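Residues in the sequence shown are numbered from 117 upward in steps of one, following our numbering. Take a look at the structure set out below.
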Amino acid sequence: MTIALIVHGGAGSWRPGSDADAIEGTTLAVDAGRKILEAGGSALDAACAAAMVLEDNPIFNAGTGAVLNYDGYVEFDACVMVSEGAQIGSVSALQRVKNPILVARQVMEETDHVMLTGEGALRFARVMGHGDHDPITPARFDDWKHKKAALDIGIGIGKDAKASLKIREFLRKHPEYAGGTIGVVALDARDVLCAATSTGGVTLKLPGRVGDTPLPGAGTYANKFAACSATGTGEYVIRSLSCRAISEGVERGKSLDDSVAEMLAQMTRDFDADVGFIAIDANGNAVANHSTTHMPHAWFRDESDIIAKMHV
Ligand code: GLY
């Protein structure tokens with residue numbers, strides 16, 4: 117009977133001088149989930165509790181403090197998946213709620229659907245009692261203003277519509293402009309695995325853009341062999357269906373470590389992708405790996421201390 121939980125705070129280039137905040141934030145999230153697992157609670161409850169701690173921490177790109185899209189507002193993507201019964205709930209392009217992961221969970225528990233999007237997701241959130249919440253922090257707004265100005269000047273958006281095609285190239289050359297994501301994977305004492313992922317997406321994304329996070333099999337996945345949460349540029353994760361492939365690797369007999377490492381190698385080869393993963397297998401082995409400079413993450417297993425690191 118093993119319990120384990122791992123969280124990440126987003127793959128990318130972490131702001132210089134803020135490592136301690138990321139270490140503290142991820143540790144607090146693991147602690148919240150750990151208390152639930154140790155009391156015999158479910159992987160779902162533990163993953164959602166940990167995800168909410170990360171969403172409520174403005175240094176991470178999820179919930180309060182998430183990044184702004186090109187038009188200057190926040191659109192959330194979030195997903196939760198439970199191995200038992202392949203239960204999934206997901207939201208995309210959801211605006212103005214405090215905890216998107218809870219809305220995703222309610223889609224799973226209260227509807228016949230897997231995903232709600234945009235206006236429909238917002239209407240559902242309000243019906244479920246989620247009040248209006250402005251997630252934009254002054255720091256994120258200033259950040260958006262500067263990045264948008266740099267983008268406009270740097271590649272001529274506004275002067276030439278075709279220049280918008282260069283957003284992708286710009287973000288590629290300047291990974292510090294990308295957003296990040298938060299994610300949690302948990303294993304409970306009943307051997308149930310759960311993955312939860314939540315994000316504001318990538319900075320300056322076009323309104324309506326949906327990333328990998330809410331797409332089961334891409335940014336979030338759980339089956340009885342392994343559960344996984346992805347971070348990094350979602351367009352590459354979607355093309356690779358990364359989290360499903362990692363679980364499938366374990367199902368076919370690979371170690372979790374190898375399955376994650378092979379997916380990273382494949383994505384580097386195919387796309388030179390800036391991504392990261394956390395995952396746990398049915399035995400409670402927890403793995404974090406990434407191709408970016410940083411990916412703050414923290415985990416525990418059974419009686420172990422919580423271990424938190426900025427990169428593997
Ligand atoms: N991985 C988060 C996103 O691309 O939206």
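Idealized CB from N, CA, C, for every residue including glycine. These numbers were taken from a predicted model, which means no experiment stands behind them.
Own chain partners of residue i with C-beta closer than 6 Å, once the 5 adjacent residues on each side are dropped
i: Thr143; result: Ala414, Ile422, Ala424
i: Gly335; result: Thr313, Asp328, Thr329, Ala346, Val353
i: Ala208; result: For the record, residue 208 in the displayed sequence is Ser; it is not Ala. Excluding sequence neighbours, Ser208 sits near Asp193, Thr233, Val326, Pro330.
i: Pro132; result: none
Contact set for residue i: own chain, Cβ-Cβ below 7 Å, skip 5 residues either direction
i: Arg221; result: Cys164, Val196, Gly205
i: Glu419; result: none
i: Ala361; result: Met379
Beta-carbon spacing of residue i, residue j below 7 Å
i: Tyr352; j: Phe387; result: yes
i: Ile122; j: Leu153; result: no
i: Ala395; j: Ala346; result: no
i: Glu226; j: Gln211; result: no
i: Val301; j: Gly348; result: no
i: Pro124; j: Gly333; result: The question names Pro, yet the displayed sequence has His at residue 124. Result no, Cβ atoms of His124 and Gly333 do not sit closer than 7 Å.
i: Ala159; j: Leu372; result: no
i: Ala127; j: Thr408; result: yes
i: Asn173; j: Gly141; result: yes
i: Ile217; j: Ala145; result: no
Residue i Cβ short of 6 Å to the ligand GLY heavy atom set
i: Val196; result: no
i: Asp328; result: yes
i: Val376; result: no
i: Val318; result: yes
i: Gly333; result: no
i: Gly350; result: yes
i: Thr315; result: yes
i: Thr297; result: yes
Spatial neighbours of residue i in its chain, beta-carbon cut-off 8 Å, leaving aside the 5 residues before and after
i: Asn453; result: For the chain, the structure presents residues 117 to 428; residue 453 sits outside this window and is missing.
i: Thr253; result: Pro174, Thr180, Gly181
i: Ser134; result: Ile175
Every unbroken alpha helix (DSSP H) within the segment 325-406, with a cutoff of 4 residues, ordered by chain: 350-356, 358-367, 372-387
Ranges of the alpha helix (DSSP H) found wholly within the segment 202-256, counting only runs of at least 4: 216-226, 234-243
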